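There are 2 protein chains.
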Amino acid sequence: MKITQRPTSKINDVDFNNLVFGSTFTDHMFQCDFVDGKWKEPEIVPYGPMQIEPSAKVFHYGQAVFEGMKAFKDDDGNAFLFRPEDNWARINKSSARLAIPEFPKEYFMDGMRKLLTMDNDWIKSGDGNSLYIRPFVIATQNGVSASPSNAYRFMIICAPAQAYYSGKVKVVFAQKFSRAADGGVGFAKAAGNYAAQFYPTNLAKADGYDQIVWTDANTHEYLEEAGTMNMFFRVGDTLLTAPTNDRILDGITRKSIIKLAQEAGVTVEVRPVSVAEIKEAAQKGKLLEMFGAGTAAVVVPVESFAHDGVDHKLPSDVSDSYAQRFKKALNDIQYNRAADHHGWRVKI
Amino acid sequence: MKITQRPTSKINDVDFNNLVFGSTFTDHMFQCDFVDGKWKEPEIVPYGPMQIEPSAKVFHYGQAVFEGMKAFKDDDGNAFLFRPEDNWARINKSSARLAIPEFPKEYFMDGMRKLLTMDNDWIKSGDGNSLYIRPFVIATQNGVSASPSNAYRFMIICAPAQAYYSGKVKVVFAQKFSRAADGGVGFAKAAGNYAAQFYPTNLAKADGYDQIVWTDANTHEYLEEAGTMNMFFRVGDTLLTAPTNDRILDGITRKSIIKLAQEAGVTVEVRPVSVAEIKEAAQKGKLLEMFGAGTAAVVVPVESFAHDGVDHKLPSDVSDSYAQRFKKALNDIQYNRAADHHGWRVKI
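Residue numbers (the numbering used here), protein chains in the order written: chain A, 1 to 348; chain B, 1001 to 1348.
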C-alpha cells in the first residue's frame, strides 16, 4: 500500500461540537483503481478532489455502490469498528448486481485499518460521537456507450459525526411512488436508489412528513424500508420487521437488533408486515412503537404515520421502550461498554 | 456565454472510419453550474477532465440524468438537429423526478447551437454518420448525507459516431429481473436505470443473446422496452408498441416512427403488448417483424426472441420491411433528403 501523508493535519480547524453530518472529511482517504482486469496497488492519500473526465461512465450509467459504517471510541481511547466484514460482503453483493468487480477482503480490511490508524484522532469518544466511514466504488472508464465500465475506483472517505437525527420522526406510507421493483436493485446500496427517493420525499416533506416508509410497488399493501433505514413495528410485546429480499436492504443495524431482541426474550417476527395490520393495531392501541434502524441514524423512533391521508399517532411514552432499549444495547457494544458475545466489535 | 477556444483542433488525430461509439470527443464542451439556487453563466471550454471531490453527491446518491441526441449533415454541408426541443423537455422531466433543478430552454438551445457551430467540422455527412450529443446533469455538492444536492453541473459533450449496431439482434424477454417499478424512475433517463441492467444483460449475453426486452416487474407478462430502445412488433400489417408510462421512456425515435407509420397508412396500436400474444403470433407465422428504436441505435431489427428457454425465429426476409422503411424515412428527414412536414429538423 502506497501512503502519502498530509504534511499537517486540518483537525484543529474542525468544531467537533457543530458537525453537519457527512460534510467534514478527515485528513486522508483510501483509493484503489481497477484497470486491465484487476485491482492495482491501493494507496492512502490526502483527502481532496480528483480529476475525472465528463464522459466517465459513473456520470452516465450510474455504476456506483457504497457502504455506510462507523468507528467508535471508548473512554480509554480504544477505537472499534462494528461488523466490518458484513459491510465488505455487502458492498460486493451490491457490486455484483451492478456488474462492478468485487473488491478483495484484505484490501478492504487492511486499507480501512491503516486509514483509521492514520486518522485516529478524528474518532471522538462520547455517546453519539463516531467516525462515519464511506467506502464506495465508481465506474471511471471514459465513454458514453451503455455497457459496463472496464475501469473502476474504490475509495474510502471518512467524516466525523454526531447523532444523525434528533427526536422522533413523522412518516408516511407510500401509496403512489415506489423505491424498488421485484427483480431490481433495491437490495443493493446502489447510488441510483437514493436519487429516486428524493422527489417523493420532497413531496412528503411539503405535507409535513420527515420520511417515507416504502411499500411494495405492486400493491402498496406491505411495508418495506425507509430508504436509509429498515423498519421495526412493536405490536403488543412482539417486534415485527419485513424479511429482506431483492427490494429491501439487508441492514446490519436491522439484523443486530433482531439478534439482541431475540436474546432478550422478545418475540421477533420476520415476515411481510401489512399496512392493514399496522393500522388495525394502531386503532386498537396495540401498536406501541415503530422505529427505523440504520448505520447513520442508528435507531429513530416514529411519532406518527400517515396513510390514506389520515395521521395515526403512536403512544408518546411507552414503558420499556424497545427503541431505547436496543439502541442502548447496540451502543453499549459499539462503545465497548458491554461484553460482546457475538464478535461484532473489531478493535482497530 | 463565456467561450474558451482550444488553441488547435485535435480533429486530425481522429480516424472517422473507425470510431468506437461514444469514445472520441470533440474539441469543446458546454458547462453550466447551478449554485446558490440558480444556473450561472454557461460557458464553452475545451473538452477535458474536471476536478471533483470524492464526496460529490453524484457518486453516492446517483442524481444524474442525461439525453441522447444527434446532429446530421447533408451533402451540402448543412448541419441539423432532430427535435431538439423534445430532448430539452425530456431532460427536465427526468430532472424533476430526480429532484434536480430544471435547465432553461435558452441556455440549452443557445449552448447547443454555439457548441455545434464551433465543432461543426466534427459532424460528417454520409448515411450513418452523425455527431452524437450527450447533454447531462450531475449533482456536485460535497457531502455524504442522503438528501438532494444544492449544486449541479449541466454539461454537453459530443462524440462523432458511425452506425451503432450492425445487423440483427437476438433478444430475450425478461422473466426474472426487472428494469423499473410502478411509481419509480423508469420513464426518466436516470443514470441508475442503466447500471441496473448491466448484470442481467451480462447473463443474457452469456446465454447467447444481445439484449433483454424488459417486461413489467409485477407479472412479466407485458413487454416494455429494451433499456436503450423502445420496442415495435409487426403482427400482420399492424404495428404494435407499448404505451409510455412511468416505467417506459418516452422515446423520440419511437414517437417519430409512430407518426411516420400512421402517415404511411399503417395501423399502429399503442397499447400493452403481451408476451402471450407475441408468442402466439410467432407460432402462427403472423409476427413478421420486431425492432428496437432509439437515438443511438436508430432502428435495430430483431432476428429472434427467447422466452421460457425457447427461441422463436422471426422471418429472415419480409417484403416491405417496416424496420427498413421507417428507418429510411426517418434518416431521409434527418439528413435533409426529404421534405420535413413536421418541423422536426432544426438547422444549426
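By construction, the Cβ of each residue, glycine as well, lies at the ideal position given by its N, Cα and C atoms. These numbers come from a predicted model, not from an experiment.
So that I know if they touch, is there some Cβ in chain A lying closer than 8 angstroms to that of residue i?
i: B/V1356; result: Absent from the model: residue 1356 of chain B. The displayed extent of chain B is 1001 to 1348, so no value can be given.
i: B/M1050; result: yes
i: B/N1148; result: Checking the displayed sequence, the identity of residue 1148 of chain B turns out to be Pro instead of Asn. With 8 angstroms as the cut-off, B/P1148 counts as an interface residue toward chain A.
i: B/A1195; result: yes
i: B/N1218; result: yes
i: B/N1129; result: no
Using 8 angstroms as the limit for Cβ to Cβ distance, is residue i near chain B?
i: A/A181; result: yes
i: A/P160; result: no
i: A/T228; result: yes
i: A/K176; result: yes
i: A/G143; result: yes
i: A/Q262; result: no
i: A/Q283; result: no
i: A/N202; result: yes
i: A/F354; result: The structure shown has nothing for residue 354 of chain A, since chain A only spans 1 to 348.
Which bits of chain B does residue i rub up against, with CB to CB less than 7 angstroms?
i: A/R97; result: Y1199
Using beta-carbon positions only, say whether residue i and residue j come within less than 8 angstroms of one another.
i: A/E221; j: A/W214; result: no
i: A/F232; j: A/A282; result: no
i: B/Q1262; j: B/V1268; result: yes
i: A/K2; j: A/E41; result: yes
i: A/A163; j: A/F34; result: no
i: A/R179; j: A/A191; result: no
i: A/F326; j: A/L260; result: yes
i: A/L131; j: A/K189; result: no
i: A/G208; j: A/K170; result: yes
i: A/I157; j: A/G111; result: no
i: A/P134; j: B/V1144; result: Strictly speaking, residue 134 of chain A in this sequence is Arg, with Pro absent from that position. The answer is yes: Cβ separation under 8 angstroms.
i: A/M229; j: A/A297; result: yes
i: A/A79; j: A/A71; result: yes
i: A/L329; j: A/E289; result: According to the sequence shown, residue 329 of chain A is Ala rather than Leu. No, Cβ-Cβ distance for A/A329 and A/E289 is not below 8 angstroms.
i: A/G227; j: A/I212; result: yes
i: A/F103; j: A/W39; result: yes
i: B/Q1051; j: A/Q51; result: yes
Along the alpha helix (DSSP H) that carries residue i, what are the first and last residues, could you check?
i: B/A1206; result: 1191-1206
i: B/Y1061; result: 1057-1061
i: A/G6; result: It is Arg, not Gly, that sits at residue 6 of chain A in the sequence shown. No alpha helix (DSSP H) contains A/R6, which DSSP labels as neither H nor E.
i: A/D210; result: Run containing A/D210: none; DSSP gives neither H nor E here.
i: B/K1279; result: 1275-1283
Residues of chain B with CB closer than 9 angstroms to the CB of residue i, please, in chain order.
i: A/P7; result: Within chain B, no residue comes near A/P7; the closest Cβ sits about 20 angstroms away, beyond 9 angstroms.
i: A/M29; result: P1054
Starting from residue i, trace the beta strand (DSSP E) in both directions and tell me its first and last residue.
i: A/G111; result: First-last for A/G111: 105-118, but that is the alpha helix (DSSP H), not the beta strand (DSSP E).
i: B/L1288; result: 1287-1294
i: A/A261; result: Here A/A261 belongs to no beta strand (DSSP E); instead the alpha helix (DSSP H) covers 252-263.
i: A/Y132; result: 130-139
i: A/F21; result: Run containing A/F21: none; DSSP gives neither H nor E here.
i: B/P1301; result: 1298-1307
i: A/P46; result: 43-46
i: A/N230; result: 230-235
i: B/Y1366; result: Residue numbering for chain B in the displayed model covers 1001 to 1348; residue 1366 of chain B lies beyond these limits and cannot be assessed.
Give the interface partners of residue i over in chain A, defined as CB-CB distance under 9 angstroms, in chain order.
i: B/S1055; result: G22, S23, F25, Y47, R134, I157, A159
Quick one: which chain A residues come within Cβ less than 7 angstroms of residue i?
i: B/V1185; result: A196
i: B/I1138; result: F59
Starting from the beta carbon of residue i, find every residue of chain B whose beta carbon is closer than 8 angstroms, and list them in chain order.
i: A/Y152; result: Those do not exist, as A/Y152 stays about 12 angstroms from chain B at its closest Cβ, beyond 8 angstroms.
i: A/A190; result: G1062, G1192, A1195, A1196
The stretch 169-188 of chain A touching the stretch 1177-1188 of chain B, judged by at least three CB pairs closer than 8 angstroms: yes
Inter-stretch contact at 8 angstroms, needing at least 3 Cβ pairs: the stretch 43-53 of chain A / the stretch 18-35 of chain A: Contact holds between the stretch 43-53 of chain A and the stretch 18-35 of chain A, because three or more Cβ pairs, one in each stretch, are under 8 angstroms apart.
Any 3 or more C-beta pairs closer than 8 angstroms across the stretch 1245-1262 of chain B and the stretch 1199-1206 of chain B: no
Cβ pair count under 8 angstroms reaching 3, the stretch 51-66 of chain A against the stretch 91-108 of chain A: yes
Touch test, the stretch 1237-1249 of chain B against the stretch 1301-1313 of chain B, Cβ-Cβ under 8 angstroms, three pairs minimum: At 8 angstroms Cβ cutoff, the stretches do not touch.
The stretch 336-346 of chain A in contact with the stretch 1108-1122 of chain B per 3-pair CB rule at 8 angstroms: no
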